[in-house]
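Report on one structure; see the data block that follows.
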Amino acid sequence: MHKYAVEFKGTRDGLTIFCLEDAAFDDILADLAERLKERSAFFGEAAVKVDVGRRELSEEEKEALVDVITRYSHLRITEIQSGEERSPAVRATRRQREREELNLDGFQEGHCLVIKRTLRSGQYIRFPGTVIVMGDVNPGAEVVADGDIFIFGTLRGIAHAGVGGDRNACVAALRLAPTQLRIADVISRAPDNVSLPDTPEYAYVNDDRILIAAITAR
Amino acid sequence: MGEVIVITSGKGGVGKTTTTANLGVGMALLNKKVALIDADIGLRNLDVVMGLENRIVYDLVDVVEGRCRTRQALIRDKRYENLYLLPAAQTRDKSAVSPEQMRKLCEELKEEFDYVFVDCPAGIEQGFRNAIAGADRAIIVTTPEVSAVRDADRIIGLLEAAGLRGPRLLINRLRPEMVKRGDMLDIDDILEILAIDLIGVVPDDEKIIISTNRGEPVAAQENGSLAGQAYRNIVRRIMGEEVPFLNFYRNRSLLGRLKKLIGFGG
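Here's what the structure looks like:
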């Protein structure tokens with residue numbers, strides 16, 4: 001059982017209220033009312049999206065939701081999202097939560113794509129989850145994933161992890177020599193004139209910048 | 001039953017046509033019956049490189065459109081009676097032929113010839129799709145330039161997608177002295193990216209340009225030209241023989257070899 005029934009998250013396109021998957025609708029309304037009362041001044045007249053998760057709301061329920069928000073805050077509701085329209089940022093949040101629940105460093109990843117060949121120039125992979133390539137990613141090839149990207153080979157092309165906005169995503173490769181690296185909304189390109197690294201490395205975001213670190217056996 | 005081998009590259013100007021002509025001549029020298037198909041409709045060159053331009057009556061498009069029999073369009077080479085050329089049409093474009101028609105044509109030629117080489121046009125559009133349609137194997141030509149290698153990589157991916165497995169790589173126009181100075185990609189650099197089997201390396205050679213302009217492929221000239229030797233070796237590798245790769249980094253002068261022998265390096 002969660003402490004809260006809703007979560008507030010600031011995303012790139014403004015504030016989003018997430019209704020937790022396993023919370024009862026009445027609890028959501030109660031929790032929302034209580035927390036909006038506390039923070040109404042803080043939020044001001046910001047635009048807000050409400051994400052109701054996988055549940056299907058009836059018209060009455062939607063009205064009740066809108067009613068609570070407008071009564072206890074000055075927030076402007078722009079959208080009520082549900083089911084399939086969930087943004088990748090939601091998935092990122094869910095992953096974060098799973099990580100906390102499992103009390104492990106890992107998390108359960110719903111989707112994973114394993115590619116057992118080399119990706120060559122002009123080949124493009126887009127996948128809503130984690131991508132694992134057993135082979136090289138050559139210059140001119142592109143791997144785009146909502147989750148992490150692991151390459152058991154040399155990355156010379158472009159990798160874009162956490163494309164939906166998950167800055168916790170990472171890109172790892174046996175030899176990391178990409179044309180360009182992108183994680184969420186952060187982009188970096190390879191410095192001109194670099195030689196191939198000889199140890200496995202991974203890239204992650206820290207303070208709006210992509211950093212590279214060697215992967216070493218602990 | 002013969003075999004159809006497409007010579008392709010993606011990038012233009014890396015030597016597909018020259019390679020096709022020389023492999024054809026090399027095969028003919030070994031008494032194989034060979035047909036060369038110029039699939040570069042609208043920009044035909046193979047006939048010029050072979051010195052057969054003035055003998056063209058019918059072409060590839062005439063054959064697939066049924067205006068003549070395949071036999072009538074095949075031009076026999078002026079030097080080798082086992083070597084034939086099916087020229088491209090010059091007044092049409094790539095859309096004049098479909099992959100299905102090419103497949104049928106290749107099937108027909110395989111009945112009669114030991115080897116059929118298809119000279120593929122540059123690019124990845126319809127001309128490319130036509131050229132690979134009937135092929136059993138592919139030889140990818142690249143030069144030691146980053147752009148050519150990049151395009152070769154793209155082509156390998158497209159061939160894989162088309163179900164043409166195990167393409168072999170021909171590195172053309174290598175300049176050993178530039179590689180030594182570190183100014184040119186080495187064979188290993190190229191193989192590391194492309195990761196396919198090498199079928200041969202042809203050194204850059206002025207004689208190629210001279211022979212191309214004269215319409216007499218270098219593989220025909222037994223005068224010690226390294227490029228000609230490289231092509232003849234490639235032909236034998238295509239036929240399944242194990243032929244050691246030429247060493248371009250060896251000091252070839254007698255003095256140099258003597259020095260090496262008595263321990264002065266080389």
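These protein sequence lines map, in sequence, to chains A and B. In terms of our numbering, the first sequence opens at residue 1 and continues consecutively. In terms of our numbering, the second sequence opens at residue 1 and continues consecutively. We put the CB at the ideal spot given by N, CA and C, even for glycine.
Helix, strand or coil at B:ASP189 [DSSP, three-state]:
DSSP places B:ASP189 in helix when its eight states are reduced to three.
B:ASN72 classed as buried or exposed, judged by whether at least 16 other C-beta atoms fall within 10 angstroms
Reading off the sequence shown, one finds Gln at residue 72 of chain B, where the question assumed Asn. So B:GLN72 counts as exposed.
Grouping DSSP H, G and I as helix and E and B as strand, with all else coil, what is B:GLY265?
Residue placement at B:GLY265 is poorly supported in this model, since its pLDDT is 44, which falls under 50; the coordinates still yield a value, given next. It is coil, neither helix nor strand.
Going straight from the alpha carbon of B:SER211 to that of A:ILE151, what length do you get?
47 Å
Alpha-carbon spacing of B:ASP136 relative to B:VAL4, whole angstroms
B:VAL4 has its alpha-carbon roughly 5 Å from the corresponding atom of B:ASP136.
Please compile the residues from chain A whose C-beta is within a distance smaller than 9 Å of the C-beta of B:ARG150.
Residues of chain A passing the Cβ test: SER121, ASN138, PRO139 and GLY140.
Could you check if B:VAL57 is buried or exposed, using at least 16 other CB atoms within 10 Å of its CB as the buried criterion?
exposed
Using a cut-off of 7 Å between C-beta atoms, extract the partners of B:ILE140 located in chain A.
Correct list: empty, because the minimum Cβ distance to chain A is about 12 Å.
Going by the CB atoms, is the gap between B:GLY15 and B:ARG168 shorter than 8 Å?
No. Outside cutoff.
Who are the neighbours of A:THR118 on chain B, taking C-beta pairs under 7 Å?
ALA195
Neighbourhood of B:ILE234 by C-beta, 6 Å cutoff - its chain only, sequence neighbours within 5 removed
ILE199 and GLY200
If you reduce the DSSP assignment to three classes, tell me which class A:LYS116 lands in.
In the three-state reduction of the DSSP assignment, A:LYS116 falls in the coil class, being assigned neither a helical nor a strand state.
Output the distance between the C-alpha atoms of A:MET1 and A:ASP148, rounded to the nearest integer angstrom.
Because the pLDDT of A:MET1 is 43, which lies under 50, any placement of that residue in the model is unreliable, and the question is left without a value.
What is the rounded straight-line gap between the Cα of B:TYR249 and the Cα of B:PRO176?
6 Å
Kindly confirm or deny that the region 82–98 of chain B and the region 38–52 of chain B touch, where touching means at least three C-beta pairs closer than 8 Å.
Touching, yes.
Spell out the partners DSSP gives B:TYR231 in its beta bridges.
In the DSSP output, where bridge partners are listed per residue, B:TYR231 has none listed.
Just checking: is the beta-carbon of B:ARG129 within a distance shorter than 8 Å of some beta-carbon in chain A?
no
Would A:VAL194 be called buried (16 or more neighbouring beta carbons within 10 Å of its own) or exposed?
exposed
Cross-chain neighbours of B:GLY157 in chain A, by beta carbon under 7 Å
ARG120, SER121, GLY122 and GLN123
Can you give me the Cβ contacts of A:LEU15 inside the same chain, cut-off strictly under 6 Å, excluding the 5 residues immediately before and after it?
ALA46 and VAL48
Under a CB-based cut-off of 8 Å, is B:ARG103 close to chain A?
no
Would you mind sorting A:ARG120 into buried or exposed? The rule is 16 or more other CB atoms within 10 Å of its CB.
buried
Environment of B:GLY166 [buried if 16+ CB atoms lie within 10 Å]
exposed
Just to confirm, are A:LEU57 and A:SER82 a CB contact at a threshold of 8 Å?
yes
Stretch-stretch touch, CB-based, cutoff 8 Å, three pairs: the region 159–172 of chain A with the region 190–209 of chain A:
yes
At the level of alpha carbons, what is the spacing between B:GLN229 and B:MET102?
Using only the alpha carbons, I get a separation of about 32 Å.
According to the Cβ coordinates, are B:ALA227 and B:PRO203 closer than 8 Å?
yes
Hey, out of B:MET1, B:MET27 and B:ASP77, whose CA is closest to B:ARG236's CA?
B:MET27
Let me see if you follow: with CB-CB separation under 8 Å, is B:ASP183 close to chain A or not?
no
With a Cβ-Cβ cutoff of 8 Å, do A:GLY153 and A:GLY135 count as a contact?
yes
Using the C-alpha atoms, what's the distance from A:ALA41 back to A:ALA64?
22 Å
Give a yes or no on whether the C-beta atoms belonging to A:ARG175 and A:PRO191 are separated by under 8 Å.
no
With a cut-off of 8 Å, does the C-beta of B:ASP153 fall near any C-beta of chain A?
At least one beta carbon of chain A lies nearer than 8 Å to the beta carbon of B:ASP153.
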